[in-house]
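Residue numbers (my numbering), protein chains in the order written: chain V, 1112 to 1614; chain R, 1112 to 1614; chain H, 440 to 619; chain L, 440 to 619.
Please read the structure below before turning to the comments.
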Amino acid sequence: MKRKPELFKKVLVANRGEIAVRVSRALKEMGIECVCVYSEADRLSSHIAFADEAYSIGPAPATQSYLNIERIIETAKKSGCQAVHPGYGFLAESHEFARACEDQGIVFIGPGSKSIEQMGFKTQARKIMKGSGVPVIPGGEEPLSDEAEAITLAEKFGYPVIIKASAGGGGKGMRIVRAAGEMKSAFKTARNEAESAFGNPAIYIEKYIDRPRHIEVQILADNYGSMVYLGERECSIQRRYQKLIEESPSPAIDAKKRKLLGETALKAAEAAGYRNAGTVEFILDQSGRFYFLEVNTRLQVEHPVTELTTGIDLVKEQIRIASGFPLGIKQKDIKPEGSAIECRIYAEDPSNDFLPSLGKISRLRNPAGPWVRMENYVYEGYDVPVYYDPLIAKLITWGQTRPEALARMSRALEEYVIEGIETTIPFHIWVIRDENFRKGDFSTSYIDEHYTGKPTDEHRKVPSDVALIAAAINRVESTAVPKKGSTGTTNRWKDTSRREGVS
Amino acid sequence: MKRKPELFKKVLVANRGEIAVRVSRALKEMGIECVCVYSEADRLSSHIAFADEAYSIGPAPATQSYLNIERIIETAKKSGCQAVHPGYGFLAESHEFARACEDQGIVFIGPGSKSIEQMGFKTQARKIMKGSGVPVIPGGEEPLSDEAEAITLAEKFGYPVIIKASAGGGGKGMRIVRAAGEMKSAFKTARNEAESAFGNPAIYIEKYIDRPRHIEVQILADNYGSMVYLGERECSIQRRYQKLIEESPSPAIDAKKRKLLGETALKAAEAAGYRNAGTVEFILDQSGRFYFLEVNTRLQVEHPVTELTTGIDLVKEQIRIASGFPLGIKQKDIKPEGSAIECRIYAEDPSNDFLPSLGKISRLRNPAGPWVRMENYVYEGYDVPVYYDPLIAKLITWGQTRPEALARMSRALEEYVIEGIETTIPFHIWVIRDENFRKGDFSTSYIDEHYTGKPTDEHRKVPSDVALIAAAINRVESTAVPKKGSTGTTNRWKDTSRREGVS
Amino acid sequence: MEGYVKKGRRVVIYYASINGRDAKIKIEKKNDMYTIEIDDRSYVVDRQHLEGSGALSLVVDNKCYEASVTRSDGALLVCISGEKFEVTLKDELEYRSASPSARHTGLESEEIRAPMPGVVVCVEVEEGQRVSAGTAAVIVEAMKMQNEISAPAGGTVKQILVREGDVVDSRQVLVVIDRG
Amino acid sequence: MEGYVKKGRRVVIYYASINGRDAKIKIEKKNDMYTIEIDDRSYVVDRQHLEGSGALSLVVDNKCYEASVTRSDGALLVCISGEKFEVTLKDELEYRSASPSARHTGLESEEIRAPMPGVVVCVEVEEGQRVSAGTAAVIVEAMKMQNEISAPAGGTVKQILVREGDVVDSRQVLVVIDRG
């Protein structure tokens, strides 16, 4: 697959939402034409506005559009694309999709179908980890055939155990099981979710580590055997096993551990002959012990925090590598600076167990100013669709130190206005102000342990009297009091006067 | 004036617009309460939304509000502020204001009244420059008493000459005069503008260098004699002697020249005992010779490009220095990285000689994404007032190289939507695409020499057929065709059908 | 009565509840400025409407806030700097006539509603089936997450109003349980 | 006539001018999609209105654009990706009845208008004064910039409609010049 290094002229982005916009922006900056695809539910999604060309690829459900390999390949060929960027989620880790691209002479911007299918990176990672003193979490690699098998394995490892989607990532198809009685329901919903999210119902089981921290290492590898690691990210703030806040560097990692994890990750990638961007995930238990968790053979949602500390545009690097360019960066030149943090803005109601919140965005003000980065795709008037992931934006800040990055995040979150739907903004404000989080004292159980969904007064900055004032003025001035038999509306002042007999 | 280093608790921002928001954001991130002031024309300006407290200080004209020293000092005292940040423009270089603050025990966040009044920095700069081989532009320091004096001096230096406001900066009160016959009108308008912008009509004259480049050096100095320079900015893209685009580093400066200018600037600041942030401006003529231009004893509009290459928050540094903290940065640690560029978004019509364009912003979409920074204050529905500077936003991008920074800027400008008023966005798009600018081949005469105000097809990316399609669809679908005697409106399709007798 | 006239000025009174706290609000307007008393504290308020956004710019005794107020199920939702508050306001009339939680008590049947819009993946109960509180009744998928909707109380399934594949709105009734 | 019916479909024709180029546009709608012919090229256009913004999302033969269209003095201003275009459209009727620049010629008096809103700083002419083209008539300040507004043609100052300190709107008449 050696090709003369030459940037692609035209690339198809096989995704939607903020990541489609992110990739389009990189393509535009590189002077590459950007083709996007959209389902029937997404004609008004702004990833279309950020692309050069747009093609409709089918009905709203992802299985009929964003997961429709045949249709996407056909679109890439029809539009004359030389490569496809899969983003994350959807087909990003589908070896069938990568193979279909390759068969049609289209470059898959990622590690290649063989690498994905054989999970060489993952296998090698497990081997390398053992040799380097980082153990692997006990667990079966094999898809579970039924509930009974799950229970047998769980008893072998000891509860708690966790069920995960084989094709997965991003918390979809994941369930913790703490006792045999919970297995039935967990098995079923995990399977359904896996099917719905990845088009593949396969799930497996492993030992669950209590109160761990999630640490991962970003790597980049070119087609000629050069590779680098770009420091770690900590992603321990999670709900439903899905990340909500990520940062780099991790407050739990020192230079020595950083080097150990980074070099171990590279060894695994090297042994596997891995190419393009990848992430090796670890968990750190309460006693300070690392376990190898898994390997992601794609761009991560949280890649911006690494970008802001290193200055390296990971999406452009992915595209350059796939175009056949050798990596222009050497390990010794990578000196991450300062601290970066990302808050994922989901259309979910944090005061109601993070249930999805849908509807039209009636008002939107994005934060801005120094060292504030927005990755977004929604706009005022946009109707958040029911069919896809509820991630509507990512807010990332950088600071010379972690406290500065957090102070910027806090300031930016306070500027952020999204009305019409519930979002995770109030949750993020709460976390960034929380003393445990500020001290770096947290684990993946943080939300269960600390967050009630109802901020108490000590976590508030705005006096409740101000909310009463706003409500009272709103009611008094409300013109939405229709008068029977009158053509218009009236307002409360007039209304009151009439009741009083004053006119 | 040595005080125990302790951050202020509360600071008044004596300014409006984007710079008031910029300073408020820094204060919020530092945990300092932020008090803002506003004129009667500015109650709906969003610098209020970004502050903790707001005080009305008088009628719309700046001379009665933002230049009203007494009223601002009174507000600072009433609200319990320990310091005042003047931003740029208005009172930022008023020694009377700095003195009035000092008299009332309020810290003026800047170099102090004596330093401003005696222009020690400027005087020392002139001396140091001569010794270092950087000459001073021939010109009178003294305010001109009348037109005749101006003509006498102009004849001494040789035409062209330039008239400048003594209190000034930012192009206000500046006029080039190429022959004696132009002096009368230039003298009068420069004086009027100086009066209106700075409350001081004093103007002076100097030799005008043709087709120069404008290069300036940012310095920071603490109260204890430590000082650093933070690289240079090039600000040659100007109209009416006011900067429109700035970048760091300058494509015309190499490491040797950078060091020469930086060290010369520091020597001048050292000799003058200068404190806080300051800028030393130079011009570079066509033969590669530097001249000392002037010194600005305040924050510059274009400070963000230095921030993005150095990672240093200049506003926070100003506040820390004024709070009595020693500079935490050493010259050897300042290693500017990559390239940053700023486009100033003015409410002006570039196709109509950059005349101010006022009115309501009917639609606004700010650009975002990787390494894009917005400094803004306007919002959708905001009515840009007639009384103040037409700068409505600054867009800044960073890249590992100048071409990358430019590619990001181009991409961000194409995303940027401001409707309802004319802005400089189309101008910036034109410049960033222009070959001369991309090659770094430009001077302060660039706009006069290259920009016609009417982009030709070779500078366009959007085919004109698409504009025709948009216009035709708009007209055909327009519902703004009131029908006589009917209650509603109708659309063109129905209209056409009726004319055709089809129903 | 909701308001009265005091020295020629109109005054409106509300009985408010916010985060479990009760308060009495007296609101009075003069020259486009409000004087608002909450319990024993008095505030001078300058409010402006931000064009187009429906938001209020409030300067309350010189402190600045930007507030948005929306209605939801009889309450007012106030959002200021990313913090959310739920406020209920009653005027004198409403306050006096309100008897504690008159609605939805003593009902013989209970409705299971969708907590958010989504697609019905599976109906787990049948008409006539006995269920207890917490029994999963319907699984609704929204944004790739499957959510079990459970019976809030025990009883017999009286009516099933949706089936697999249906797109449901927030608050739509999915199943009716007979509590008898 | 502006449009006609072709095989049951409605067709509208415009005569357009853009950046000095003339073009004939044939526009036809079918099933919510447009077929638009410009001179000899034909485009299939899917247009959607972006909620709230008044902007159009256009997919023109699979190429994407976001366009805003505003009216100004009889022309349509189109903005796409920061690039601005001025388009004039005439239907058949307007096209036939339009005689070249019928307006504003042969007028006996000429109006000097404010090119933007601002404050009048100074009126430089007097009624009855003879002026030539380019003579500064009024200085208007907006956003701290002073702008000389000059007479577009020679003549005698007939009427001065503003004085120092007046706030003027864009296009407001400041001075009337008698061209006689």
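The beta-carbon is built from N, C-alpha and C at its ideal position, and this holds for glycine as well.
For clarity, every value in this text was computed on a predicted model and none was experimentally measured.
Under DSSP, the beta-bridge partners assigned to H488 (chain H) are H:L495. For C518 (chain L), a Cβ of chain R is located within less than 8 Å of the residue's own Cβ.
Below 8 Å, too few C-beta pairs join the segment 1259 to 1278 of chain V and the segment 1421 to 1431 of chain V to call them touching: fewer than three. According to the DSSP assignment, M1285 (chain R) belongs to no beta strand (DSSP E), since it is labelled neither H nor E. For the C-beta of V498 (chain H), the chain R residues within less than 8 Å are, from N- to C-terminus, I1159 and A1165.
When DSSP reads this structure, V1272 (chain R) sits in a beta bridge with R:V1288 and R:K1318. Residue environment: L1255 (chain V) is assigned as buried (16 or more neighbouring CB atoms within 10 Å of its CB, all protein chains considered). Assigned with DSSP and collapsed to three states, T474 (chain L) falls in strand. Out of H:V601, H:Y454, H:D485 and H:S536, the CA that lies nearest to the CA of V558 (chain H) is found in H:V601.
The alpha-carbon separation between A1173 (chain V) and G1200 (chain V) amounts to approximately 11 Å. Distance between C518 (chain H) and F524 (chain H), taken at the CA atoms: about 6 Å.
For R1154 (chain R), the chain H residues whose C-beta falls within less than 9 Å of its own C-beta are D485, Q487, S496 and V498, listed in chain order. Put simply, the backbone Cα of R1549 (chain R) is about 53 Å away from that of A1313 (chain V).
Counting every other CB atom within 10 Å of its CB across the protein chains shown gives H1158 (chain V) a total of 16 or more, marking it as buried. For the segment 1134 to 1149 of chain R, the beta-carbon criterion of a distance under 8 Å to any beta-carbon of chain V is satisfied by R1136, A1137, K1139, E1140, M1141 and G1142. Think of a sphere of 9 Å around the beta carbon of K1283 (chain V): the chain H residues whose beta carbon falls inside it are K583 and M584, in chain order. The Cβ atoms of L1395 (chain R) and F1403 (chain R) lie no closer than 8 Å to each other.
DSSP, read as helix, strand or coil, puts R1474 (chain V) in strand.
Cβ atoms of E1515 (chain R) and E1453 (chain R) stay farther apart than 8 Å, at about 15 Å.
The three-state reading of DSSP puts W1482 (chain V) in coil, since its state is none of H, G, I, E or B. By the rule that beta-carbons nearer than 8 Å mark a contact, E1525 (chain R) touches chain L. Annotated three-state conformation of R1400 (chain V) is coil, per DSSP. In the displayed model, Q568 (chain L) falls within coil according to three-state DSSP, outside both helix and strand.
Using a Cβ-Cβ cut-off of 8 Å, S492 (chain H) counts as an interface residue toward chain R, since at least one Cβ of chain R sits closer than that to its own. When Cβ-Cβ separations below 8 Å define contact, V577 (chain L) makes no contact with chain R. Pairing G1342 (chain R) with I1445 (chain R), the inter-Cα distance amounts to about 9 Å. The C-beta of E1304 (chain V) comes closer than 8 Å to at least one C-beta of chain H. DSSP places Q1329 (chain V) in the strand class (E or B) of the three-state scheme. Residues are counted here when their Cβ sits less than 7 Å from a Cβ of chain V; for the segment 1439 to 1472 of chain R these are E1448 and G1449, given in chain order. In the three-state reduction of the DSSP assignment, E587 (chain L) falls in the strand class. Membership of M1520 (chain V) in any beta strand (DSSP E) is not indicated; the residue belongs instead to the alpha helix (DSSP H) covering R1513 to E1526. For P1312 (chain R), none of the residues of chain L pass the 7 Å Cβ criterion, the least Cβ distance being about 13 Å.
When 9 Å is used as the limit between beta carbons, G1342 (chain R) is near no residue of chain H, the shortest such separation being about 36 Å. At least one CB of chain V lies nearer than 8 Å to the CB of Y473 (chain H). Within chain V, no residue has its CB atom less than 8 Å from the CB of Q1215 (chain R), the nearest being about 29 Å off. Cβ-Cβ separation between A1523 (chain V) and P1478 (chain V): approximately 4 Å, consistent with a contact (criterion under 8 Å).
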